[in-house]
Structures are given as C-alpha cells and as structure tokens.
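Here the structure is laid out as structure tokens; the discussion comes afterwards.
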C-alpha cells in the first residue's frame, strides 16, 4: 500500500474525496506499476469497472492493438521517469497520458482528452471541397517526410499540378459543375498515388503530391516520372459530370529531395518552376526541375522588373511600317509597331517582351499607350492614311476596350475610319461571343477591324463567317514560302479569293523579294507590307513619306 | 436533368492488358464477374466488346449511376486513350442486362472467349441494330487489326 493511500491523509484534508470526484482522470500507481487508486473519470475513460489492483500493462492492454502506443509508458514506469504519450482509446478517443514519479514513491498517471483538439488540427489541415490536405497540411507532411528521409537517405518527390482549361469549365458551366469536377480530379489523384503519399489541393485548380512510397524496387526519379506520366494520362481522360462531358488536362512539375532541395520551401519552389516549364511546353505534360530553370527564371524576373518600369521611363517607341496598295503603288497607311529600347539591354525583341507583358497583364496599359500614340501621330499626317494598331487578346478581357478606343479617338481627333485595329485568332479562341460583342462595339465607333496573322491559328474560316472583318492579313510564313513551295502559293491564292468573295481586303505580310511581290500580285492580294516595300520607320519619316505628292510613283515599290 | 433519368454512354478504348493470353484471360473474366455484381446493384446495363486491341462499351442506366460507373472505368489502368463517343438521354434501354463478348477475327481468341458471350447473353444483333452501336462494333474490329 502506498503512502498516498494511507487513511491518515484523508482525515487531515479531503484529498482522496477530491481526487475521486475531480473532473480530470487520475490513476495512482505503486512503484511496480499496479493501480492503487483510480478516480471515477479514469475508470470511465479506460472502460474498467475495477482498476485498483490491476497492473498497468493489463489495464492498457485493450488499447495497444493498433500500435504499441503503451510501450513508452511501461518503459517509463520501469525506469521511474516521467513521460508524456498519446493513446488511442475505445471509440477513437485520443488522450494524452502524463506519467509523473512521486517523491513519496509510485506514480501519478493523468489523462487529457485531446480528441477534439486533434480533430480541429486535422480540419485546419484539410481542404473542405475535396477532403484533401491543404497547403498547411502539405507543408507539415513534407517537413516530417524530409526529416525522415534525412535519416533513411531515401529520396522523395514533390509534384506540383495545375489543371489545364479548368477555368473554361467554371466559366461556361458554373461553379457547381466546376466543384464536382474538382472532386473527381481529386479522386483520380488519390487513385494514382499509394498509401503514405500525400495529395493536397493548394487552391483553385492547383494540386500537389508528395511521393514517399513508390512501388518496391522503383527508385527516384523513375517513380516520380512514372507517376507524372500516369497523372497526365489519368487526369486528361474525359469526365462525365452532371450530364456534361468535360475535358481538362494537367501539367506537372517535379522536384526530388535531396537533389533539388533539402527543405520544403525550396522543393515546392523548384517543383513550381518545373511546372511553369511544363505549361510553357504546351501543357498536358510534365517537367523535372533543372538548376538552369532557376537562372532562366531569374533572367525572366529581371526582364519583368525592367518591363514594368519601361513605360514610366519612356523606353517605348513606335515604328511605322508602310502598307502599299498593289494596284497603284501608293501608300495607303502604316502599321504601328512597338519598340522597346532599354539602356542596357538595347532593343528588346517584341517576341520576347510582349508575351511576358501579356502574362503579367501590363499589356493593357502598354496597348493603350500604343493606341494613343499611334492615333496622335496619324492625326498629324498630311494625308488621311490609315493607321493599323495591334490588339492583344488580353485587352479584350477587361471590358473597357471600346471605351478606351472611344476616348483615344475623341482626344486625338483622328477620324475613326482611319483606325484599323488588328486582332489575331487567339483573341477569338476564348469567350468568342464576348469578344464578338467587343468587336461589334468597336465597329459601331466607325473603326475598321483586321484579322492578323491569318492562317496560322485554329478554325479561321468560322471566325471569318462570325465577324465581317475589313481586312485579312496573310501571315508572312506563307508569303516567304511561296518561292519554293507551291502549297504556300495555293494558300495565299485561296485566302486572296476568299477575301475578294467576302468583300474583305487582303494584305500580304513579310514581302522581302521582288519575286515574292510578283507572286503576291499574281495571286490577287490587294495590299502588301514588308521590308521590300518599306521597313518600319520613325514617325517623322512616315509623315514625310506621305508628303510626297501622290502623282509621283513612290520609290519604295518596285514595278 | 433528373439524376435518375435514363442515359446511354458509349466509349471505346485501347486495351493495355499485356499480351500473354493467360493474363488477358484472367483480366477478362475478372471484369465480367466484377461488372455483373457492381452493375446489377446500381441498375446499369449494357454490353462490353473486347479483343486484343480494344474495349468498346455501351453503358445504360440512371444518369448518376452511369456517371459513377464511367468514372470508375476511367480510373482503370487496364485500358487507355478512352474515346467517349456519346453520352445521351434515351427513352429505353438497348440492353436490358449486362453482357460482354469477344469481337474479332482471331480464331484463337474466338475459341478462347466463345463461352463468355453465351454465358453473359451477348446479343450481336442489338449491337448492329443501333447506328452508334454498329459504329462501335466496326471500330472494335478495326482496333483489333491495328493491334495485330
């Protein structure tokens, strides 16, 4: 019998009665680990009517089934030292047990119910729509896996995933269908992974997978590659959701620890960089992180920083390339071309900075500047020549394009009929109907609309039918190919005839040689634009070209 | 649309079960057994045609059940390149039961799986009666030739 249970104590103060009735479950053990006292809460928690006299192993035996959770406590009793340990009791109750050796001999063993606390913590790490782990949960699991991997030396893989075309589903069919699709995607991700791997939804259509448990005998990076390939196939298969047939794809970026990073932040960042490359490679594919990607991303970030301040620093300029009427040889107008002259970089190619400006959204501001500047210049010309300005698909998204064009026309005083806005098929690819609305709004202002780079995009002919373009510009690749390739000639001829029958003018772009010019003329194009008939020139030179009396045949057009 | 309304789903896909006849045999009989139990429970009927090259399947039943069944099929690694040919509302079922059959020219496979059709009640005339099912049937035959 331990001293604590001595009757003398209960006489002085009602300790035993207090212990027996207190809200916290308490057990007192003798030095050998047998129960000498158990209060009512402890008896109820352990589902044992008569705990007193039982050795601790016997009392806890029913809860040791799943995992040897009890061992640390028994070990501490043997060593007479304190310990805290989590136990799983009946009904999935989780408790934290604290064993304290008492100075008078024996032990006090108390229990705290942490079921709700743990459930709350689990919920805080769960994403409600799909039930997958969230970003916080992924971070936790990744940290734990990295610690373990540091000990075992077994590599692990982080895969970042981004759905392709998901936004279209959400936009066209609504969020309920989008959400149902996300749940199906989550289910397929779970199916493709193995127990022990972690699947997380990071938000929107972004997912991540932590692969710690590849098939036996398959090592990294082969296991991650097999999984990435499987994901691209599996997620890309058609979905049937609420009666709709849906197709999305997935792009995957992979980073392997420890090669590509030893902490969670580096790994996630590097997997993200690889994902960015997978998307740039046309989506629906996977890429592994390579150290060079870091350097490339740094370079891109540098370019982005410079591009964001280029406008304020007045580094943009316009060049004007003449457009010539083939029949008469006269200059009918100019196309305004954006130039970026950076003090250190020199002249930066539009092919490099325009996609970046579109990606980061600043093309809207740049496009407005181009429009305003081009119209202001054209308004000063001695002749009412046309001025062509390119529009980016991104400019159609903000809903302000018609208003912007209207303001620019009012401020510059340019006759709307002289302004030709050029769009590519890319602008019509997404949300065709809303883009058509904008085009009709622009047309109502009196401006002209051209289809640029015709023939290089997608279902061109249906767009020609949907909107009466004023002009079709034939992509330079066909013009350049005409000399050696009969098919290019046939395409140019077909587009010219198509334009003629639809009442649209046709401009051949990229004409560089006299032979090409002859061919273009023979095929029936109405206008021509290219190095042969006039390189892009500064505004003043363009104005001067228009000052040449119209009776003089322009020197720029070889007969 | 009511999730209980009748729908017909038609797809065909590439058979990815590796070439050994024994493995193919085991897979086919496994699919037959599993589909029979699962599909009866949720009121999905239809027909599955297969050969060394492809699977071609018609699923009919309540919209939600067909959707769930198809999702399970999509997650199956034993086939790939699934082409969904139709998912449409229908008035009546073409197949009132669940059946499957080997469809192809290979004599060996025809002999091997001859019993499957008889045992599951596969009726080719139902296949060729409906236009889309007839298309599916001929696609299956072409796929076998391509795989050969």
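Protein chains in written order, with my numbering: chain C, 94 to 652; chain P, 682 to 829.
By construction, the Cβ of each residue, glycine as well, lies at the ideal position given by its N, Cα and C atoms.
Expected contact under 8 Å - CB spacing of residue i and residue j to nearest Å
i: residue 371(C); j: residue 348(C); result: Going by Cβ atoms, the distance from residue 371(C) to residue 348(C) rounds to 12 Å, so no, they are not a contact pair.
i: residue 274(C); j: residue 368(C); result: Their Cβ separation, rounded to whole angstroms, is 20 Å, which puts residue 274(C) and residue 368(C) out of contact at 8 Å.
i: residue 688(P); j: residue 763(P); result: That belief does not hold up - the Cβ atoms of residue 688(P) and residue 763(P) are roughly 17 Å apart, past 8 Å.
i: residue 460(C); j: residue 488(C); result: 5 Å
i: residue 660(C); j: residue 344(C); result: Look at the range of chain C in this structure, 94 to 652, and you will see that residue 660(C) is not part of it.
i: residue 560(C); j: residue 535(C); result: Incorrect: roughly 10 Å between the Cβ atoms, too far for contact.
i: residue 543(C); j: residue 571(C); result: About 16 Å; that fails the 8 Å criterion.
i: residue 620(C); j: residue 419(C); result: 6 Å
i: residue 709(P); j: residue 731(P); result: 7 Å
i: residue 136(C); j: residue 142(C); result: 7 Å
i: residue 199(C); j: residue 106(C); result: Actually they are not in contact, since the Cβ atoms of residue 199(C) and residue 106(C) sit about 19 Å apart, beyond 8 Å.
8 Å Cβ cutoff met for residue i and residue j
i: residue 724(P); j: residue 743(P); result: yes
i: residue 285(C); j: residue 216(C); result: no
i: residue 218(C); j: residue 229(C); result: yes
i: residue 707(C); j: residue 179(C); result: Because chain C here runs from 94 to 652, residue 707(C) falls outside it and cannot be looked at.
i: residue 617(C); j: residue 590(C); result: yes
i: residue 316(C); j: residue 308(C); result: yes
i: residue 314(C); j: residue 382(C); result: no
i: residue 602(C); j: residue 564(C); result: no
i: residue 116(C); j: residue 134(C); result: yes
i: residue 579(C); j: residue 475(C); result: no
i: residue 502(C); j: residue 531(C); result: no
i: residue 127(C); j: residue 147(C); result: yes
i: residue 604(C); j: residue 540(C); result: no
i: residue 124(C); j: residue 145(C); result: no
i: residue 257(C); j: residue 341(C); result: yes
i: residue 306(C); j: residue 289(C); result: yes
i: residue 455(C); j: residue 402(C); result: no
i: residue 331(C); j: residue 765(P); result: yes
i: residue 319(C); j: residue 379(C); result: no
i: residue 726(P); j: residue 720(P); result: yes
Identity of the residue in the options nearest residue i by Cα
i: residue 633(P); options: 777(P), 715(P) and 751(P); result: Because residue 633(P) is not part of the residues shown, which for chain P are 682 to 829, the question remains open.
i: residue 717(P); options: 781(P), 817(P), 707(P) and 735(P); result: 781(P)
i: residue 358(C); options: 233(C), 259(C), 403(C) and 441(C); result: 233(C)
i: residue 181(C); options: 205(C), 196(C) and 561(C); result: 205(C)
i: residue 264(C); options: 570(C), 330(C), 609(C) and 526(C); result: 526(C)
i: residue 389(C); options: 366(C), 408(C) and 403(C); result: 366(C)
i: residue 406(C); options: 238(C), 420(C), 434(C) and 426(C); result: 434(C)
i: residue 819(P); options: 734(P), 745(P), 726(P) and 770(P); result: 734(P)
i: residue 575(C); options: 432(C), 556(C) and 607(C); result: 607(C)
i: residue 437(C); options: 588(C), 472(C) and 408(C); result: 408(C)
i: residue 201(C); options: 625(C), 243(C) and 173(C); result: 173(C)
i: residue 241(C); options: 281(C), 355(C), 624(C) and 391(C); result: 355(C)
Cα-Cα separation between residue i and residue j, rounded to whole angstroms
i: residue 815(P); j: residue 271(C); result: 34 Å
i: residue 647(C); j: residue 444(C); result: Reliability fails at residue 647(C), whose pLDDT of 48 lies under 50, so the model's placement of it is uncertain and the value that follows must be treated cautiously. Whole-angstrom Cα-Cα distance: 31 Å.
i: residue 468(C); j: residue 450(C); result: 22 Å
i: residue 221(C); j: residue 337(C); result: 24 Å
i: residue 176(C); j: residue 210(C); result: 20 Å
i: residue 515(C); j: residue 585(C); result: 19 Å
i: residue 696(P); j: residue 208(C); result: 48 Å
i: residue 156(C); j: residue 295(C); result: 36 Å
i: residue 423(C); j: residue 638(C); result: 10 Å
i: residue 778(P); j: residue 749(P); result: 18 Å
i: residue 226(C); j: residue 291(C); result: 7 Å
i: residue 736(P); j: residue 767(P); result: 15 Å
i: residue 552(C); j: residue 384(C); result: Here residue 552(C) scores only 48 on pLDDT, less than 50, and its place in the model is too uncertain to base an answer on.
i: residue 260(C); j: residue 301(C); result: 18 Å
i: residue 249(C); j: residue 238(C); result: 8 Å
i: residue 427(C); j: residue 634(C); result: 11 Å
i: residue 268(C); j: residue 691(P); result: 27 Å
i: residue 334(C); j: residue 518(C); result: 30 Å
i: residue 490(C); j: residue 500(C); result: 18 Å
i: residue 492(C); j: residue 520(C); result: 13 Å
i: residue 689(C); j: residue 203(C); result: This structure cannot speak to residue 689(C), because chain C is shown only from 94 to 652.
i: residue 448(C); j: residue 442(C); result: 11 Å
i: residue 465(C); j: residue 547(C); result: 25 Å
Within-8 Å CB hit, residue i to chain A
i: residue 326(C); result: Among the protein chains of the structure shown, namely C and P, there is no chain A.
Segment contact flag, the region 162 to 170 of chain C with the region 183 to 196 of chain C, C-beta cutoff 8 Å, min 3 pairs = Two segments are said to touch when three or more pairs of C-beta atoms, one from each, lie closer than 8 Å; by this definition the region 162 to 170 of chain C touches the region 183 to 196 of chain C.
I'd like to know if the region 502 to 516 of chain C and the region 473 to 487 of chain C are in contact, where contact means that at least 3 CB-CB pairs between them fall below 8 Å. yes
Review point. If we count Cβ pairs, one from each stretch, closer than 8 Å, do we get three or more for the region 235 to 255 of chain C versus the region 343 to 360 of chain C?
Key: yes
Three Cβ pairs or more, each shorter than 8 Å: is that satisfied between the region 397 to 405 of chain C and the region 587 to 603 of chain C? no
> Taking three-plus beta-carbon pairs below 8 Å as touching, is the region 406 to 417 of chain C in contact with the region 629 to 642 of chain C?
Replying inline: yes
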